[in-house]
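J.:
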Amino acid sequence: MLAVELKIGPFKPEYVGKMQFYLVALDEQEKRKHEMPSIGLILCKSKDQEQVRIALTTASSKIGVSTYKTSLPDEEKIKEHLRKLPLPKE
0 MLAVELKIGP
10 FKPEYVGKMQ
20 FYLVALDEQE
30 KRKHEMPSIG
40 LILCKSKDQE
50 QVRIALTTAS
60 SKIGVSTYKT
70 SLPDEEKIKE
80 HLRKLPLPKE
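Last residue of the sequence shown: number 89 in numbering that gives the first Met the number 0, and the count goes up by one each step with no gaps.
1. What runs of the beta strand (DSSP E), each 3 residues or longer, lie entirely inside the segment 2 to 53?
2. On a CA-only basis, which of I7, G16 and L5 is nearest K61? Give me that one, please.
3. Between which two residues does the beta strand (DSSP E) carrying K61 extend?
4. Nearest to E13 by CA position, among E29, L1, Q50 and M35, is which residue?
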């Protein structure tokens, strides 16, 4: 199972403790015997890499922290990227 938490601000170390709680609850209450342990993803507007590293050092669960973008790339950049994609084979 995957737990995703979307935060509107920068990463805070306490988010890791909350996510560990969610993952334990998922594993105890929802996970089936044949499933792997749950993993968590914390999405923040920004993050300090050193702060994330320290916060995850003692985490007992698999947790990732990443950032998200709040705007789309320029239309021309999207078109350029699409032109570079391989065409599907018929």
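Every residue, glycine too, gets a C-beta built ideally from N, C-alpha and C.
T.: Per the coordinate set shown:
1. 38 to 43
2. Here residue 61 corresponds to residue number 62 of the sequence shown, with the count starting at 1. Checking every option, the nearest Cα to that of K61 belongs to G16.
3. Taking the sequence shown and counting its residues from 1, one reaches residue 61 at position 62. K61 to T66 is the span of the beta strand (DSSP E), which, as asked, contains K61.
4. Counting from 1 along the sequence shown, the entry for residue 13 is found at position 14. Cα-wise, what sits closest to E13 is Q50.
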